[in-house]
Amino acid sequence: MSAVLNAPFNVDVPVPPFRPGPVGTHITIRGLTKYFAGWPLYENFDLDIPKHKITSVFGPNGCGKSTLINMIAGLVPIDSGEILFDGKTLKDTKIGYVFQNYREALFPWMRTIDNIAYPLKLEGQSKAEVDRRMAELVASFDVKFDLNRYPYELSGGQQQTASIMRALAPNPEVLFLDEPFSALDFEMTLFIREKLQEVFMQTGTTMLLVSHDLEEAVYLADEVLLLTKRPTRVAEILPYTDARPRTIETLTEPSFIHAKKRSLEVFQREVRR
Amino acid sequence: MAAIPTSAGAPGAATTAWAPPAMDPVAGAPRQPVWDKVLPFIGPVVLFIVWDLVVRLGFIKAILLPPPLDALGALITGLAGGPLLQDFGMTVWRTVQAFLIAAIVGMPLGVLLGSSEKAYRSVEFLIDFFRSTPSSALIPLFLMIFGVSEINKVAIAAFGALLIVVFNSAYGVINARKQRVMAAKVMGASRWQVFKDVLIWESLQPSFVGLRSAVSMALVIVIVAEMFIGADSGLGNRIINSQQVMNVRDMYASILAAGALGYALNVLFLMLEKRIVHWSGR
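Just so you know, the sequences run in chain order A and B. In terms of our numbering, the first sequence is numbered consecutively and its last residue is 292. In terms of our numbering, the second sequence is numbered consecutively and its last residue is 338.
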């Protein structure tokens, strides 16, 4: 009975026409809505993420930076809305994900090399193909530690390096990085930052980086996505266009300082609002 | 592996570094490790001395408590091909049978139940209830079902052990690190692949805790069953028989044998766990 009564309403709801992003957009997010404990975290949220660029996500505590990339990566279900990668759904898109907590992301029952090869085995690649790709990865990461060890036998930085190699092994279209440096010491942070930049320059993989360190967020970014407090909206998207490779010197360039200052201003404006 | 030599080397390095200011470095430094090795033997030795003194000084009549060397002698001669060995072997065999049934049925069952939280919640009360029920209280029930038979002793022990295995394996799967499951999912693993590549492995460590408790439980129930369910062999039977004829030497030897068996099984499973679940605690 009620099904019959409700049916016409469903038909009458107008479907908004899909608005594609500007040229060079990779990920389009339309009408994304997500409630947490009855409160809106994201409501009718739209965003375009550019292709072949690194986008850093930065915002106040609890605004759902990680939730945003987790929703895009399909780790957190969305309440409504649409997320497309070059017009495809997530199911048809290869992605890589690097977790903050590498200890609980790698599989300790597999040797490090098998961890890295795992996504390739999931794809059903032959041993020869896997071996070829592994050799490529080892060469491009210039790995100096023994990959035949178990992950728990490696240092934190080595484990996170392995996590990144695992995420990149299947040549993903998009690489998600959820605070990949926060569990690392400063030396390893610098090292992995450089590695990421190198990989990006080699492959141009679209990257989405969540960071709680503004300097790091700007340093790696082509675009800094600044979010508001919840319900979360886009506060501003600031481009940072200094040429790569960026180095320690970049950190003292006026253009870098300016970009960082601008980001900080927007951030503080949003925090005080 | 690499951590062991460094951590073992650290105290040694520290003592040599401290040697110059120390008064008598040569005598002071190496003595410490020797003492550390002796420590585990202090408890048993003290127990045997107290035991011996109590008997020698007549606090307890020798008819109730034999001198420790007599009991130990009976244990050694008994296990070196005497009748004690046969009973010992029988108890081991029954425990192994009960344990194998519990492990072979329990682990897959637990992992399956655990991988569907709804399925587990629906039988959780039953498992918890019977896990909390002393299995020995169910002996009369099992007597009705299986009669006074060999199967009965194994069946009741297997039942008690099974619940422990199921419970631990199921919880191992339920409490699997969510992030590892997510990591596998984001790499495109199917439900089945997540199950066989992540959940089963995650459950191994708690499963081993379950197996270790289960083998102890199986041994306890086998001994009790041997005592009270018309057995004509096994350590439990031997203990009760020697008690009836006041053969205390043999009784204590059998008790010590049962203790040694329980201890050895525990150590064996700890070693197996360390071998197989090599990542545990790291």
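C-beta atoms are modelled at their ideal positions from N, C-alpha and C, and glycine is treated no differently.
- Setting aside the 5 residues that flank it on each side, residue 162 of chain B is surrounded in the same chain by 218, 221 and 222, each with a C-beta closer than 6 Å to its C-beta; the list follows chain order.
- In terms of beta-carbon proximity, residue 185 of chain A lines the interface with chain B, with at least one pair separated by less than 9 Å.
- Residue range 99-104 is occupied by the beta strand (DSSP E) that includes residue 99 of chain A.
- By the C-beta density criterion, residue 224 of chain B is buried, having at least 16 other C-beta atoms within 10 angstroms.
- Checking the DSSP bridge columns, you'll see residue 117 of chain A partnered with A:196.
- Following the DSSP letters along the chain, one finds residue 149 of chain B inside the alpha helix (DSSP H) bounded by residues 139-171.
- With respect to chain B, the C-beta atom of residue 238 of chain A has no partner C-beta closer than 9 Å.
- Here the segment 257-268 of chain A does not lie against the segment 99-110 of chain A, with fewer than 3 beta-carbon pairs under 8 Å apart.
- Residue 113 of chain A belongs to the set of residues whose beta carbon lies under 9 Å from a beta carbon in chain B.
- Of all residues in the segment 233-244 of chain B, the ones placed with a Cβ closer than 9 Å to any Cβ belonging to chain A are 233, 234, 235, 236, 238, 239, 240, 241, 242, 243 and 244, in chain order.
- Of the other Cβ atoms in all chains shown, 16 or more fall within 10 Å of the Cβ of residue 279 of chain B; this residue is therefore buried.
- The three-state secondary structure of residue 69 of chain A, taken from DSSP, is strand.
- The C-beta distance from residue 153 of chain A to residue 183 of chain A rounds to 14 Å, too long to fall under 8 Å, and the pair is not in contact.
- For residue 127 of chain A, the closest Cβ of chain B is nearer than 9 Å.
- Residue 223 of chain B: member of the alpha helix (DSSP H) spanning 206-230, first to last residue.
- Only those residues of the segment 316-335 of chain B whose C-beta falls short of 9 Å from the nearest C-beta of chain A are listed: 333, 334 and 335.
- Of the other Cβ atoms in all chains shown, 16 or more fall within 10 Å of the Cβ of residue 45 of chain A; this residue is therefore buried.
- When the five nearest sequence neighbours on each side are left out, the beta carbons in the same chain lying within less than 7 Å of the beta carbon of residue 204 of chain B are those of 285 and 286, in order along the chain.
- Taking a C-beta distance under 9 Å as the contact criterion, residue 265 of chain A and residue 283 of chain A do not qualify as a contact pair.
- Within chain B, the C-beta atoms nearer than 7 Å to that of residue 141 of chain A come from 243, 244, 245 and 249, in chain order.
- Judged by DSSP in its simplified three-state form, residue 199 of chain B adopts helix.
- None of the residues of the segment 131-152 of chain B has a beta carbon lying less than 7 Å from any beta carbon of chain A.
- Shown here, residue 152 of chain A sits in a helix according to DSSP, grouped into three states.
- DSSP, read as helix, strand or coil, puts residue 95 of chain A in coil.
- Residue 236 of chain A counts as buried, since at least 16 other C-beta atoms from the protein chains shown sit within 10 angstroms of its C-beta.
- The beta carbon of residue 312 of chain B sits closer than 8 Å to the beta carbons of 127, 128 and 131 from its chain, once the five residues preceding and following it are set aside; these are given in chain order.
- Residue 54 of chain A carries a strand assignment under DSSP once its states are collapsed to helix, strand and coil.
- Apart from sequence neighbours up to five positions away, the residues of its chain that approach residue 291 of chain B with a beta-carbon distance below 7 Å are 143, 144, 147, 279, 282, 310, 313 and 314, ordered along the chain.
- For residue 258 of chain A, the enclosing beta strand (DSSP E) covers residues 253-258.
- One Cα belongs to residue 242 of chain A, the other to residue 113 of chain A, and the distance between them is close to 22 Å.
- The three-state secondary structure of residue 45 of chain A, taken from DSSP, is strand.
- Residues of chain B whose Cβ lies closer than 9 Å to the Cβ of residue 69 of chain A do not exist, since the nearest Cβ in that chain is about 22 Å away.
- Taking the beta carbon of residue 254 of chain B as reference, the chain A residues within 8 Å of it are 126, listed in sequence order.
- For the segment 77-93 of chain A, the set of positions with a beta-carbon nearer than 9 Å to some beta-carbon of chain B reads 89, 92 and 93 in chain order.
- Pairing residue 193 of chain A with residue 97 of chain A gives a Cβ-Cβ distance that is not under 9 Å.
- Looking only at B:227, B:242 and B:277, the smallest Cα-Cα distance to residue 256 of chain B is reached by B:227.
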